[in-house]
Amino acid sequence: MRLGKFINKKFNKKLDILINSGWSGKKNSFKSINSKNWQYDIDTCLTGVFNTIKASLPCLKKNKGNLVNIGSAYSHVASDYRIYDNTKYTNPPGYGSAKAGVVQLTKYCASFFSKYKIRVNCISPGAYPFPKTIKENPKFIKRLAEKCPANRIGYPEDLKGAVALLCSKAGSFITGQNILVDGGWSVW
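Here the numbering used here is used: the first residue of the sequence shown is 37, the next is one more, and so on.
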């Protein structure tokens with residue numbers, strides 16, 4: 037496996053922390069998605085995460101590392117069709133499905149990697165649109181923010197606390213968990 041060789045060489049066979057994410061970037065509604073797009077989402081968002089874990093495991097074992105997968109609030113709740121005005125911003129059905137798989141893969145790995153003293157957790161962000169989307173469609177961003185009890189969208193810096201907790205001694209007894217960092221997005 038080429039990825040495994042790259043990781044071994046890059047990290048000198050030792051890896052303390054792996055933050056692992058996959059995202060395809062393709063937008064589709066159920067009406068517009070086809071089998072090829074669906075498979076692309078699954079391959080990128082779930083199979084890519086699996087392949088990275090598989091390739092990184094030997095290095096993580098050396099240091100009893102921490103693995104943090106990135107899921108999504110859409111692994112827990114369905115996309116609300118009312119907030120999307122066109123396919124350009126619609127969350128594709130393959131994305132949430134793949135991210136739900138990432139949450140389950142996290143639990144599986146936490147169980148099976150515990151013998152190596154590797155902690156495996158997941159962070160599921162919710163409503164973190166790209167800066168381009170924020171700029172292009174302020175009405176859409178307003179609808180996203182209104183859907184969230186925190187009454188705003190998320191920004192990358194909002195993830196720092198959860199990452200710090202899961203990758204430090206403060207989180208030494210946390211494994212197999214999924215932390216939603218979504219401003220309450222998934223409460224309803």
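Quick reminder that beta carbons are idealized off the backbone N, C-alpha and C, glycines included.
Just so we're clear, the structure is a prediction, and the values are computed from it rather than from any experiment.
query                                                                                                                                                              : result
Do the stretch 49-62 and the stretch 73-80 touch if we need at least three Cβ pairs shorter than 8 Å?                                                              : yes
Could you tell me the distance, in whole angstroms, from the CA atom of N87 to the CA atom of D194?                                                                : 27 Å
In whole angstroms, what separates the C-alpha of P151 from that of I119?                                                                                          : For clarity, residue 151 is Lys in the given sequence; the question names Pro instead. Roughly 44 Å between the two C-alpha positions.
Would you identify the three-state DSSP class for R188, choosing helix, strand or coil?                                                                            : coil
Nearest to G107 by CA position, among K49, Y164, P185, is which residue?                                                                                           : Y164
Helix, strand or coil for N102? Go by DSSP, reduced to three states.                                                                                               : strand
Count the other CB atoms within 10 Å of the CB of P192; is the residue buried (16 or more) or exposed (fewer)?                                                     : exposed
Could you say which of I210, G219, T142, Y144 lies nearest to C184 if we only look at CA atoms?                                                                    : G219
Any chance you could list the alpha helix (DSSP H) runs of at least 4 consecutive residues sitting entirely within the stretch 65-125, in chain order?             : 71-78, 84-99
Determine the direct distance from the alpha carbon of G197 to that of K49, and round the result to whole angstroms.                                               : 28 Å
Where in the stretch 160-214 do unbroken runs of the alpha helix (DSSP H), each at least 4 residues long, occur, reported from the N-terminal end onward?          : 167-172, 174-183, 196-203
With a threshold of 6 Å on Cβ separation, who are the neighbours of Y27 within its own chain once the five nearest residues in sequence on each side are excluded? : With the chain covering 37 to 224 only, the question about residue 27 has no answer from this structure.
Identify which residue in I170, V85, I89 has its Cα closest to the Cα of I189.                                                                                     : I170
Any idea what DSSP makes of N56, helix, strand or coil?                                                                                                            : strand
Report the residue from K90, I53, P167, Q75 whose alpha carbon sits nearest the alpha carbon of N99.                                                               : I53
For L51, which three-state DSSP category applies?                                                                                                                  : coil
I'd like to know whether the C-beta atoms of G132 and S222 end up nearer to each other than 9 Å.                                                                   : no
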